[in-house]
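All residue numbers for the sequence shown refer to our numbering, where the first residue is 1454 and numbers rise by one.
What follows is a short report on a single structure.
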Amino acid sequence: MRNENQLNEKMHEGNEALLRQNYSDAIQLFKQARALAPGNSAAKSAHYRAHVHSAVDQPDLSFSQRIRKSCLFLFFHLTSSKNKAERYKICEKIWLLNPLNDRATHVLIQTAQRTNKTKFAVLALHARVSVQPNQTEWLHPLAQLAKESHQTDIQVEVLERLLLLQTDDKVLLAELEQAKHKQDQNQAKSHPLLHIKKQLESDPDNISLRMEYLDGQLRSRNFDKAISELDAYLENQASPSPRLEKRLFLAREHQINFKLAAAQDQHDTALIDSLRSEHDQLRIEQIKLQVERSPNDLQLRFDFGKVLYDCREWEQALAQFQHAIHHRQRRIRSLIYRSNIFEKLERHTEAKQELETALTELPDMTREKREVMKQLDRLRL
């Protein structure tokens, strides 16, 4: 973690130096970044780019650089051809001294291919064509090298640049389409959420895709963004989408439960009470929306009453159970709920009346009838 922080700091400082055109400082900072993370492609690429900028700014080698280059050439030829890794390191140092030299660039590419380090040669060549966009002769070799080393992002970028120069080249167009297809496949594996988001941009009303995207965000604990994005989408729809609305409520509930677990770990009673209250209001909001859309659905009225009862919203629950008593299969249970609420409100006469009504409608000795009789006997005491 410490190395990662140091790496980020060096990269940030190096980029700032590059923006100020202080190339020598940028080179040193990126070199230090590479030392902290030898396999980091971003650090290596930035280091190459700083050297290319410096060479553009000062194309002629100094006396000490020429001496160093000669020494490196000597070391290269004295190094055994079997020691491929060491020979590549020397080639890289030679190229860094003069990255605009075509011969040095060719040798770097050939050595990289012999040592299975084509990926690094691609980064070097990419740095060169990025800093010198008018030097187009290296674009074709770079596209081929990027394809060989499976660096699809660079391949796509270079092919797009080539197509701007050769707009009618059907071979290039086919290669670009293949590269983009592979880029999408790679993105789907390495960044599944980003891939789904890209698909949503071209098919925004695909509900299955949108739910998959939301689930991925929730797994990443990215609650706020997931909720706000889906909320914004639903607000702009001409008609409601019950499946997505349900998923939105589940996302909000998931967020509350996550916060609640953290509050319980910290024994924060005030926050726990607040989150539980928020959870209750969320449950009420969800079913209230359904009732408003289907006001004549008596089962929904009954379910709404139960949620309000659980949330201790007595008066509102009474009103919903008043509707639900007209549901033939929910009538007795609605009367029992109403009796319980009247008792909690200390309206005992009305509580007994509800139970007596239920009792007259239950001719057979069922579990519900025994429950009503037991409750009624308790109220009569």
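Idealized CB from N, CA, C, for every residue including glycine.
Proximity below 8 Å, CB of residue i to CB of residue j
{"i": "Asn-1468", "j": "Leu-1489", "result": "no"}
{"i": "Gln-1631", "j": "Leu-1625", "result": "no"}
{"i": "Ala-1577", "j": "Thr-1571", "result": "no"}
{"i": "Arg-1696", "j": "Ile-1680", "result": "no"}
{"i": "Leu-1788", "j": "Thr-1810", "result": "yes"}
{"i": "Val-1609", "j": "Leu-1629", "result": "yes"}
{"i": "Ala-1596", "j": "Leu-1612", "result": "yes"}
{"i": "His-1780", "j": "Leu-1812", "result": "no"}
{"i": "Val-1825", "j": "Leu-1808", "result": "yes"}
{"i": "Ile-1547", "j": "Ala-1557", "result": "yes"}
{"i": "Leu-1561", "j": "His-1504", "result": "no"}
{"i": "Leu-1553", "j": "Ala-1508", "result": "yes"}
{"i": "Ala-1599", "j": "Val-1575", "result": "yes"}
{"i": "Leu-1662", "j": "Leu-1653", "result": "yes"}
{"i": "Lys-1822", "j": "Leu-1815", "result": "yes"}
{"i": "Cys-1764", "j": "Asp-1733", "result": "yes"}
{"i": "Leu-1701", "j": "Asp-1677", "result": "no"}
{"i": "Leu-1728", "j": "Leu-1713", "result": "yes"}
Buried/exposed call for residue i, threshold 16 Cβ in 10 Å
{"i": "Phe-1795", "result": "buried"}
{"i": "Leu-1531", "result": "exposed"}
{"i": "Gly-1758", "result": "buried"}
{"i": "Gln-1708", "result": "buried"}
{"i": "Arg-1672", "result": "exposed"}
{"i": "Ser-1517", "result": "exposed"}
{"i": "Ser-1494", "result": "exposed"}
{"i": "Met-1464", "result": "buried"}
{"i": "Phe-1483", "result": "buried"}
{"i": "Arg-1502", "result": "buried"}
{"i": "Phe-1755", "result": "buried"}
Boundaries (first-last residue) of the alpha helix (DSSP H) holding residue i
{"i": "His-1648", "result": "1645-1655"}
{"i": "Asp-1606", "result": "1605-1618"}
{"i": "His-1506", "result": "1494-1510"}
{"i": "His-1530", "result": "1516-1531"}
{"i": "Thr-1802", "result": "1801-1813"}
{"i": "Gln-1670", "result": "1660-1672"}
{"i": "Leu-1771", "result": "1767-1777"}
{"i": "Lys-1535", "result": "Lys-1535 -> no alpha helix (DSSP H), and no H or E assigned at all."}
{"i": "Arg-1823", "result": "1820-1833"}
{"i": "Arg-1783", "result": "Counting along the chain, Arg-1783 falls outside any alpha helix (DSSP H), and DSSP gives it neither H nor E."}
{"i": "Gln-1690", "result": "No alpha helix (DSSP H) contains Gln-1690, which DSSP labels as neither H nor E."}
{"i": "Arg-1487", "result": "1476-1489"}
{"i": "Asp-1622", "result": "Where Asp-1622 is concerned, there is no enclosing alpha helix (DSSP H), given that its DSSP letter is neither H nor E."}
{"i": "Asp-1513", "result": "First-last for Asp-1513: undefined, no H or E at that position."}
Rounded C-alpha distance that separates residue i from residue j
{"i": "Asn-1639", "j": "Leu-1647", "result": "11 Å"}
{"i": "Leu-1460", "j": "Phe-1573", "result": "19 Å"}
{"i": "Ala-1413", "j": "Pro-1491", "result": "This structure leaves residue 1413 out entirely; the chain is present only between 1454 and 1834."}
{"i": "Asp-1622", "j": "Leu-1616", "result": "7 Å"}
{"i": "Gln-1773", "j": "Ile-1660", "result": "32 Å"}
{"i": "Asp-1637", "j": "His-1644", "result": "10 Å"}
{"i": "His-1579", "j": "Leu-1742", "result": "56 Å"}
{"i": "Asp-1718", "j": "Phe-1711", "result": "11 Å"}
{"i": "Gln-1485", "j": "Lys-1651", "result": "36 Å"}
{"i": "Pro-1693", "j": "Thr-1722", "result": "38 Å"}
{"i": "Arg-1614", "j": "Glu-1665", "result": "34 Å"}
Contiguous alpha helix (DSSP H) assignments of at least 4 residues, all confined to the region 1538-1616: 1555-1567, 1571-1584 and 1592-1601
Counting only runs that start and end within the region 1711-1735, where is the beta strand (DSSP E) found for 3 or more residues in a row? none
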